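For reference, the structure discussed in these notes is given below.
Numbering (this note's numbering), first residue to last: 16 to 91.
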């Protein structure tokens with residue numbers, strides 16, 4: 016099953032996250048199919064490729080709970 020979730024990148028104690036599309040069985044730092052955006056919680060910067068997220072969601076990809084709430088926040 017395809018999953019849209021956060022992938023942690025960045026330095027120690029300075030997390031940044033990429034929003035990625037991946038197989039559910041893949042590791043969090045493993046391979047991903049497509050990068051769909053990024054999130055920087057320290058500066059509260061949030062950027063999504065909204066068309067691509069909606070496209071993959073329509074194809075059956077499940078969003079993680081955190082990504083779902085961030086996506087809802089970004090749509091406003």
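Yeah, the Cβ is synthetic: ideal placement off N, Cα and C, and Gly gets one too.
Predicted model only: the values in this text are computed from it and were never measured.
Classify residue 26 as helix, strand or coil using the three-state DSSP reduction.
-> Residue state, collapsed to three classes: strand.
Reduced DSSP category for residue 9 - H, G, I as helix; E, B as strand; rest coil | Since the first residue shown for the chain is 16 and the last is 91, residue 9 is missing from the structure and cannot be characterised.
Using three-state DSSP, classify residue 90 as helix, strand or coil.
-> Residue state, collapsed to three classes: helix.
Residue 19 and residue 73: beta carbons closer than 8 Å?
-> Taking 8 Å as the Cβ cut-off, residue 19 and residue 73 do not qualify as a contacting pair.
Residue 36 beta carbon less than 8 Å from that of residue 54 | For residue 54 and residue 36, no; Cβs fall outside 8 Å.
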